[in-house]
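Structure first, commentary second.
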Amino acid sequence: MGVTFAILGCGVSDVPEGFALAELFGAARGEMVEHIPHCRRLGMTVEQVGPRSARVRLPYRDELVGDPVRRVVFGGVITTLLDHASGLAVFCSLAELKAIATLDLRIDYLRAAEPGRDLVGEAQCYKLTTHVAFVRASAWEREPSDPFASCLATFMVGANPSESPMARALRSRVREAP
Amino acid sequence: MRGRQALAQIPYARFLDVRIEEADGGIVCVLPFRDDLVGNAALPALHGGVVGAFLELTALVQAIELADTERVPKPINFSVDYLRSAGPRDTRGRAEIVKHGRRIANVRVVAWQDDPAKAVAAGIGNFLL
Chain A
0 MGVTFAILGC GVSDVPEGFA LAELFGAARG EMVEHIPHCR RLGMTVEQVG
50 PRSARVRLPY RDELVGDPVR RVVFGGVITT LLDHASGLAV FCSLAELKAI
100 ATLDLRIDYL RAAEPGRDLV GEAQCYKLTT HVAFVRASAW EREPSDPFAS
150 CLATFMVGAN PSESPMARAL RSRVREAP
Chain B
0 MRGRQALAQI PYARFLDVRI EEADGGIVCV LPFRDDLVGN AALPALHGGV
50 VGAFLELTAL VQAIELADTE RVPKPINFSV DYLRSAGPRD TRGRAEIVKH
100 GRRIANVRVV AWQDDPAKAV AAGIGNFLL
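See below:
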């Protein structure tokens with residue numbers, strides 16, 4: 000069954016080849032956050048992943064509020080959402096699974112996010128080099144065209160010798176396969 | 000409103016259980032380690048977003064201390080450099096006001112774990128007072 004992915008304007012049909020995580024691009028995408036304790040705690044879900052891109056949803060919760068008067072989610076929570084979406088976009092760019100680590104991340108808070116609404120973060124890895132990945136991301140609660148935050152981040156690729164949780168998750172899938 | 004009061008009133012600060020320690024020449028915020036803050040269970044390491052959020056919270060507390068306003072200052076932007084992975088230990092942060100203008104405060108912050116000389120992350124941001 001073909002799956003369609005949208006990468007900022009250009010449509011790509013069918014599961015693409017050449018990406019280490021291609022088998023998680025479809026219905027299995029939820030596995031990309033299942034093994035991450037903090038994502039589980041926040042109830043984060045993966046809405047969509049494809050070549051070099053990822054979209055993640057974070058449910059609104061009162062405990063994430065940063066301004067008790069306006070009931071707006073704390074800025075740093077948006078950092079978590081966009082850092083995670085960005086990291087997934089990098090994973091979805093790799094031909095071979097490697098550990099990654101955020102090197103730096105800068106967020107502009109364009110406006111307050113509307114209280115009570117889920118937050119959606121989407122990231123695209125627009126350049127991958129041997130050691131560094133460059134990502135842009137944004138977050139919204141109603142329309143992608145009306146973001147409340149935008150973000151630029153860079154990641155180290157092949158960051159450390161120990162195995163990434165993503166690699167373990169992928170290997171356990173292979174083990175479980177009939 | 001003062002920093003300690005702000006931490007008690009901000010739900011996300013209570014969620015992270017961030018506390019204030021009085022230290023020489025300012026305040027130090029403490030993020031107690033908890034399993035559900037982990038982003039990489041293999042290392043293990045705190046989620047980068049949590050580290051970033053803690054830096055921003057530490058910066059905000061410092062801005063509140065200084066501005067002494069009733070409103071929580073609004074972040075305009077925030078930039079984080081990740082220097083080392085943050086292990087399964089308590090994290091401490093100290094912020095410094097670079098510039099305190101009439102409407103904007105520019106705040107720099109650094110976080111460490113065991114050794115203050117070995118920062119795990121550094122941040123800088125602008126807040127609308």
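So the sequences go chain by chain: A and B.
Taking numbering that gives the first Met the number 0, the leading residue of the first sequence gets 0, the next gets one more, and so forth.
Taking numbering that gives the first Met the number 0, the leading residue of the second sequence gets 0, the next gets one more, and so forth.
Where is the CB? At the ideal position from N, CA and C, for every residue including glycine.
Excluding residues up to 5 positions away in sequence, G51, L54, A120, G122 lie with their Cβ nearer than 7 Å to the Cβ of V79 (chain B) in the same chain.
For the pair R3 (chain B) and A58 (chain B), the Cα-to-Cα distance works out to about 13 Å. Here the C-alpha atom of R13 (chain B) lies approximately 21 Å from the C-alpha atom of I35 (chain A). In the DSSP annotation of this structure, H46 (chain B) is not part of any beta strand (DSSP E), being labelled neither H nor E.
Going by C-alpha positions, T129 (chain A) is about 25 Å away from R28 (chain A). Around the beta carbon of G124 (chain B), 16 or more other beta carbons sit within 10 angstroms, so the residue counts as buried. The residue among B:N105, B:G47, B:L30, B:A62 with its C-alpha nearest the C-alpha of Q112 (chain B) is B:L30. Under DSSP, V64 (chain A) takes part in a beta bridge, and its partners are A:V72. Taking all protein chains in view, the Cβ of P50 (chain A) is crowded by 16 or more other Cβ atoms within 10 Å, so the residue is classified as buried. Between F73 (chain A) and L128 (chain B), the alpha-carbon positions lie close to 16 Å from each other. Distances from the CA of C28 (chain B) to each of B:D16, B:L45, B:R91, B:V49 were compared; the closest alpha carbon is that of B:R91. Contact annotation for E55 (chain B) against chain A: F73, G74, G75, T78 [CB-CB distance below 8 Å, chain order]. Taking all protein chains in view, the Cβ of V97 (chain B) is surrounded by fewer than 16 other Cβ atoms within 10 Å, so the residue is classified as exposed. Residue-level contact by beta carbon fails for V119 (chain A) and chain B, as no gap is shorter than 8 Å. By the C-beta density criterion, V68 (chain A) is exposed, having fewer than 16 other C-beta atoms within 10 angstroms.
Residue pairing from DSSP places I106 (chain A) in a beta bridge opposite A:C150, B:F77. Look at Y11 (chain B) here: in three-state DSSP terms it is helix.
Around the C-beta of A112 (chain A), 16 or more other C-beta atoms lie within 10 Å, and the residue is accordingly described as buried. A direct Cα-to-Cα measurement between F32 (chain B) and P87 (chain B) gives close to 6 Å. With fewer than 16 other Cβ atoms from the protein chains shown falling within 10 Å of its own Cβ, G42 (chain A) counts as exposed. In the structure shown, the three-state DSSP call for C28 (chain B) is strand.
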